[in-house]
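Some notes on the structure that comes next.
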């Protein structure tokens, strides 16, 4: 079956919405998964999506992808992506499109199509960008992944929401420290004995 690389946003959504680690970290572990039809819609133009994408298939795929983002080790990240490409048996191919040839990707087993599409995306993205552009959100109680497509390449959070939570928490922590220091300095001052 012919497949294409999935968009970066779809890849991140797949891992964040279906992956066990992100769901447990933010308290969604016991909740129902999102509707499979939504992910099937996102994947429809990339591959012939089977009529039934199951929660289990999507969760297993997300769990295979999450370690690629979680490891800070470049060699391990390369090994994980290479293993995904090997395990799915995806291979480059060409097909005829009217009067020209178009490059593409082929996978034998339809059950490997989603994982193969994600692996291709990771391979292509990392061949053009630094490995530091993939990562896990540094927000508290969050294990969502991100793919940094910003010009500066300094992303650390999965979303603006997590970034804002971290900023508010840091602000509150500074305020608490300041209040504690002020209170401590008032209570440790010796009373004046000169009558003033």
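In the numbering used here, the protein residues as written are 61 to 256. Every residue, glycine too, gets a C-beta built ideally from N, C-alpha and C.
query: Check residue 166 in the structure and name its three-state DSSP category.; result: strand
query: Closest to residue 87 by CA distance: which of 203, 117, 73, 124 is it?; result: 203
query: Does residue 84 pass the burial test, meaning 16 or more other C-beta atoms within 10 Å, or should it be called exposed?; result: exposed
query: Identify, in the order they occur along the chain, each residue of the same chain with its Cβ nearer than 7 Å to the Cβ of residue 127, setting aside the five sequence neighbours on each side.; result: 140
query: Please report the residue range of the beta strand (DSSP E) in which residue 196 lies.; result: 194 to 196
query: Buried or exposed: where does residue 75 fall if 16 or more other Cβ atoms within 10 Å of its Cβ makes it buried?; result: buried
query: Within 10 angstroms of its Cβ, does residue 224 collect 16 or more other Cβ (buried), or is it exposed?; result: exposed
query: Please confirm whether residue 66 and residue 103 have their CB atoms less than 8 Å apart.; result: yes
query: Look up residue 61 in the DSSP assignment and say whether it is helix, strand or coil.; result: coil
query: Is it buried or exposed for residue 177, if we count other Cβ within 10 angstroms and need 16 for buried?; result: buried
query: Would residue 134 be called buried (16 or more neighbouring beta carbons within 10 Å of its own) or exposed?; result: exposed
query: How about the segment 163 to 172 and the segment 198 to 218: do they share at least three Cβ pairs that are nearer than 8 Å?; result: no
query: How close, in whole Å, do the beta carbons of residue 174 and residue 164 come, if the pair is a contact with beta carbons under 8 Å?; result: That pair is no contact at about 16 Å.
query: Identify whether residue 99 lies in helix, strand or coil by the three-state DSSP scheme.; result: helix
query: Per DSSP, which one or two residues make a beta bridge with residue 161?; result: 156
query: What did DSSP end up calling residue 93 once you bin it into helix, strand or coil?; result: coil
query: To the nearest angstrom, how far is it from the Cα of residue 192 to the Cα of residue 227?; result: 22 Å
query: Can you say whether residue 234 is buried or exposed, counting buried as having 16 or more other CB atoms within 10 angstroms of its CB?; result: exposed
query: Starting from residue 205, follow the beta strand (DSSP E) in both directions and report where the run begins and ends.; result: 205 to 207
query: According to the neighbour-count rule (16 or more other Cβ atoms, all chains shown, within 10 Å of its Cβ), is residue 148 buried or exposed?; result: buried
query: Which residues in the same chain have their Cβ closer than 7 Å to the Cβ of residue 222, if we skip the five residues on either side of it in sequence?; result: 197, 199, 202
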